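Peer 1:
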Amino acid sequence: MMRKANQKLATVCKNLSPSSTMTGVLQRSVAATSVVPSRSKVLTVDNMNPFVKSMEYAVRGPIVIRAGEIEQEIKSGKSKPFTDVIRANIGDCHATGQKPLTFLRQVVAICTDPQKLMNDPHDSAGVRVIREDVANYITERDGLPSNPDDIFLCTGASDGIKTIMKLLMTGKSGNERAGIMIPIPQYPLYTATIAEYNAYPVSYYLNEEKGWSLDVSELNRSITEAKKHCIPRAIVIINPGNPTGQVLKKENIEGIIKFAKENNLFILADEVYQHNIYAEGSAFHSFKKVLTEMGPGYKDMELASFMSTSKGYMGECGFRGGYCEAVNLDPDVKYQLVKSISAKLCSSVSGQAAMDVVVNPPRPGEPSYELYKKERDLVLGQLSQKAQMVTQTFNSMDRITCNVVQGSMYAFPQLHMSDAALEAAKKKGVPADVMYCFDLLENTGICVVPGSGFGQKEGTYHFRTTILPTVDKLTEMLERFRKFHDSFLTKYK
Ligand SMILES: Cc1ncc(COP(=O)(O)O)c(C=O)c1O
Numbered sequence: 001m002m003r004k005a006n007q008k009l010a011t012v013c014k015n016l017s018p019s020s021t022m023t024g025v026l027q028r029s030v031a032a033t034s035v036v037p038s039r040s041k042v043l044t045v046d047n048m049n050p051f052v053k054s055m056e057y058a059v060r061g062p063i064v065i066r067a068g069e070i071e072q073e074i075k076s077g078k079s080k081p082f083t084d085v086i087r088a089n090i091g092d093c094h095a096t097g098q099k100p101l102t103f104l105r106q107v108v109a110i111c112t113d114p115q116k117l118m119n120d121p122h123d124s125a126g127v128r129v130i131r132e133d134v135a136n137y138i139t140e141r142d143g144l145p146s147n148p149d150d151i152f153l154c155t156g157a158s159d160g161i162k163t164i165m166k167l168l169m170t171g172k173s174g175n176e177r178a179g180i181m182i183p184i185p186q187y188p189l190y191t192a193t194i195a196e197y198n199a200y201p202v203s204y205y206l207n208e209e210k211g212w213s214l215d216v217s218e219l220n221r222s223i224t225e226a227k228k229h230c231i232p233r234a235i236v237i238i239n240p241g242n243p244t245g246q247v248l249k250k251e252n253i254e255g256i257i258k259f260a261k262e263n264n265l266f267i268l269a270d271e272v273y274q275h276n277i278y279a280e281g282s283a284f285h286s287f288k289k290v291l292t293e294m295g296p297g298y299k300d301m302e303l304a305s306f307m308s309t310s311k312g313y314m315g316e317c318g319f320r321g322g323y324c325e326a327v328n329l330d331p332d333v334k335y336q337l338v339k340s341i342s343a344k345l346c347s348s349v350s351g352q353a354a355m356d357v358v359v360n361p362p363r364p365g366e367p368s369y370e371l372y373k374k375e376r377d378l379v380l381g382q383l384s385q386k387a388q389m390v391t392q393t394f395n396s397m398d399r400i401t402c403n404v405v406q407g408s409m410y411a412f413p414q415l416h417m418s419d420a421a422l423e424a425a426k427k428k429g430v431p432a433d434v435m436y437c438f439d440l441l442e443n444t445g446i447c448v449v450p451g452s453g454f455g456q457k458e459g460t461y462h463f464r465t466t467i468l469p470t471v472d473k474l475t476e477m478l479e480r481f482r483k484f485h486d487s488f489l490t491k492y493k
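Take 1 as the starting number for the sequence shown in UniProt numbering and just add one per residue.
Here it is, written out as structure tokens:
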């Protein structure tokens, strides 16, 4: 399905106006790099790793490249119907105006001061005292014990996810490849990694009509179909969701765990947005806690949970901090895991230090507490306000529906395209959401990502926007959006 979307995206190049084409972007970059004909190179695009070539990463795809070009055009004085590009395509909090947490930066600064360097033995899995702090954080969060030896610190959650997924590969091809169950829509790291590892994506659709929840009947449908093509080995759950912004209910998580048990699947719980919960009545339930509380038969199931410094109220993408807690692994597998981590050496110590602040923040009564709390509450309070703004505004527009942004940092509204719009997109040979997002960018400077980059049900059209621009910028963005949307509806009545 993703491959189909990729092909469709490729046709965008040929069919959109010359200034907004990916072909244009690619031709320019190829022209810049192909001074020497690629035939004279040892490594050419024809003989390179085909699995890397098949990877797609929509959040930085052609539309984002075009947004960069428009910024340059504005700088060079080209007249536009807007004054700036608003980047709502990527979950980089600081890039959109959020201030870094003072305490976190202070701790990292101290850790890099040679006079005060941490005097603690560290190994490839990460600094021991930080892994202990992670374990204490999980223990406090879940009210259940966590073992520092089950934790490894990684270069962002992405690295942890890829490390665990690598263990799950079968080393075989064809229908003996490892099948990894992933939600659709999904965060593109998963399809990209599955392509890179030559695994098989077992797509299950989230239920948009029920607030992007997860139906076990859909999991059963998806795994039954996939068994012809692969050996299903694991299920990925993103909770809170990216790009869909839902927060799973405890009963829903229990259903997923039962399904994983019945089907002998390893669980990968992507819980990087565990601090980003906004909607009333929503709460974060860790897979580890739910699984453990389900008792005998479940509490020994293999599970890897991932956390990051990049999200939450910290937004520290640049430090590349993250951790993975992998529980109930076979001891021999654990040995192999430690070996594979050791082979690439530990993650950066400043990333580890940033992770430590997240899991061991200042406590009431400590000198840094008041400022830390003020900064954290401000960020989370504003995210909550912006989640509401986005949901309400999109739902107030004709032919757009948007599920409540319960958590994470994104909304994934559906565009209900008129026949005329579908016809126009067809004539251009592009998916209608791609046409919409390019038109939006050219007319308003707003950069969002077409739903095709995350996967969506055939015949539906979405886009993903972040809720990250500052309250003022987001207000302006939604105004620009509304005007564009009205004119789009008029144009394609
Ligand atoms: C669901 C999800 N998982 C993982 C990641 C990667 O996080 P990190 O920056 O820690 O690698 C992201 C980043 O956007 C994400 O949205």
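Where a beta carbon is used, it is the ideal one built from N, C-alpha and C, also for glycine. Values in this document were obtained by computation on a predicted structure and should not be read as measured data.
1) Which residues in the same chain as Ala269 place their Cβ atom closer than 6 angstroms to its Cβ, once the five residues preceding and following it in sequence are excluded?
2) Could you pull the DSSP bridge partners for His416 from this structure?
3) Kindly indicate the opening and closing residues of the alpha helix (DSSP H) around Tyr369.
4) Short of 7 angstroms in beta carbon distance, which residues of its chain neighbour Val379, apart from the five on each side in sequence? Order them along the chain.
5) Determine the DSSP secondary structure at Leu268, reduced to helix, strand or coil.
6) Give me the Cα-Cα distance between Gly451 and Cys437, rounded to the nearest whole angstrom.
7) Should Thr193 be labelled buried (16 or more other beta-carbon atoms within 10 Å of its own) or exposed?
8) In chain order, what residues place their C-beta within less than 5 angstroms of a heavy atom belonging to ligand 1?
9) Please report how far the alpha carbon of Lys386 lies from the alpha carbon of Glu176, in whole angstroms.
10) Can you grab the Cα-Cα spacing for the pair Met435 / Leu478, in whole Å?
11) Taking Met307 as part of the beta strand (DSSP E), name the residues at either end of that continuous run.
12) Check for me: the alpha helix (DSSP H) holding Leu167 runs from which residue to which?
13) Could you spell out the range, first to last residue, of the beta strand (DSSP E) harbouring Met181?
14) Counting along the chain, where does the alpha helix (DSSP H) carrying His462 start and finish?
15) Between Val471 and Pro367, what straight-line distance do the alpha-carbon atoms span, to the nearest angstrom?
16) With DSSP collapsed to three states, give me the class of Asn147.
17) Let me know if Met301 comes out buried or exposed under the rule of 16 or more other beta-carbons within 10 Å of its beta-carbon.
18) Can you tell me whether Leu153 is helix, strand or coil according to DSSP?
19) Starting from the C-beta of Thr460, find all residues in its chain whose C-beta is less than 7 angstroms away, skip the five residues before and the five after it, and write them out in chain order.
Peer 2: Looking at the coordinates:
1) Ile237, Phe287 and Ser305
2) Looking at the DSSP assignment, His416 forms no beta bridge with any residue, so it has no partner.
3) Tyr369 to Asn395
4) Gln98 and Tyr313
5) strand
6) 9 angstroms
7) When all chains shown are included, Thr193 counts as buried.
8) Result (chain order): Gly91, Gly156, Ala157, Ser158, Tyr187, Ile238, Asn242, Asp270, Val272, Ser308, Ser310 and Gly322.
9) Within the model, the alpha-carbon separation for Lys386 versus Glu176 is close to 45 angstroms.
10) If you take the alpha carbons of Met435 and Leu478, they lie about 19 angstroms apart.
11) Per DSSP, Met307 belongs to the beta strand (DSSP E) from Leu303 to Ser308.
12) Gly156 to Leu167
13) Ala178 to Ile184
14) No alpha helix (DSSP H) holds His462; the beta strand (DSSP E) holding it covers Tyr461 to Thr466.
15) 30 angstroms
16) coil
17) buried
18) strand
19) Gln414
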